[in-house]
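**Q** Taking my numbering, the leading residue of the sequence shown gets 500, the next gets one more, and so forth. For each residue, glycine too, the CB sits at the ideal point set by N, CA and C. Because the structure is a prediction, the values reported are computed rather than measured.
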Amino acid sequence: MRPRILNQRLAAALADLRHGELIFIADAGSGTSAKALRSLAPDVEILDLEVVTGVPSIDDLVPVICDVGDIEACIVTKDMRGANPDGFAMLSRLFDEKHIYEVPYIPDYYDLRDRCKLFVQTGDYRVHANVILVGGYPSADIPMDMILNGLAPKTK
């Protein structure tokens with residue numbers, strides 16, 4: 500039987516996700532408040548799914564989201580492959596390697612996090628257990644410049 504998202508807000512966010520829009524799946528340690536070293540942009544919606552330590556993990560959540568939603572790629576930190584090999588292996592099973600984009604943790608990953616439509620907090624306690632999901636259908640490779648800067652020219 501195909502899984503169904505029971506969380507109303509997550510189901511609605513996936514139904515509303517358009518091509519190129521981003522969802523950030525965060526580990527339990529990701530700070531979001533104004534008191535964090537790098538606070539989350541105020542226009543990013545937060546959905547806290549934490550239950551207990553480790554639940555849900557990104558391994559629980561990401562495959563289900565990919566199963567029911569239109570997700571074409573993911574973005575991780577360059578550190579994830581070495582720091583969280585199990586998490587990276589899970590993503591490799593879901594996405595062709597060319598659809599796993601690796602970017603520097605600071606500042607690029609935080610900049611992308613602040614462009615996400617939704618920030619989903621999990622209970623995952625592993626280091627670098629964060630992944631940005633890119634809405635859409637599998638298509639041509641996304642140029643790294645477009646990932647980092649979007650389509651619009653950067654304003655100074």
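Please report how far the alpha carbon of residue 570 lies from the alpha carbon of residue 597, in whole angstroms.
**A** On the sequence shown, position 71 is the one that residue 570 refers to. On the sequence shown, position 98 is the one that residue 597 refers to. Going from the Cα of residue 570 to the Cα of residue 597 covers about 14 Å.
**Q** Report the partner residues of residue 600 according to the DSSP bridge assignment.
**A** Sequence index remark: in the sequence shown, residue 600 carries index 101 (1-based). DSSP output for residue 600 lists 574 as bridge partner(s).
**Q** With three or more C-beta pairs closer than 8 Å as the rule, is the stretch 601-612 touching the stretch 544-555?
**A** The stretch 544-555 vs the stretch 601-612: no contact.
**Q** What's the C-alpha gap between residue 661 and residue 642?
**A** This structure does not reach residue 661, given that the chain is present from 500 up to 655, and the question cannot be answered.
**Q** Out of 530, 564, 573, 534, which one is the CA nearest neighbour of residue 510?
**A** Taking the sequence shown and counting its residues from 1, one reaches residue 510 at position 11. Residue 510 has its Cα closest to that of 564, out of 530, 564, 573, 534.
**Q** Going by other Cβ atoms of all chains shown within 10 Å of its Cβ, with 16 needed for buried, is residue 600 buried or exposed?
**A** Residue numbering aside, residue 600 sits at position 101 when the sequence shown is read from its first letter. Buried, since its Cβ has 16 or more Cβ neighbours within 10 Å.
**Q** Do residue 573 and residue 647 have their C-beta atoms closer together than 8 Å?
**A** Residue numbering aside, residue 573 sits at position 74 when the sequence shown is read from its first letter. Residue numbering aside, residue 647 sits at position 148 when the sequence shown is read from its first letter. No, Cβ-Cβ distance for residue 573 and residue 647 is not below 8 Å.
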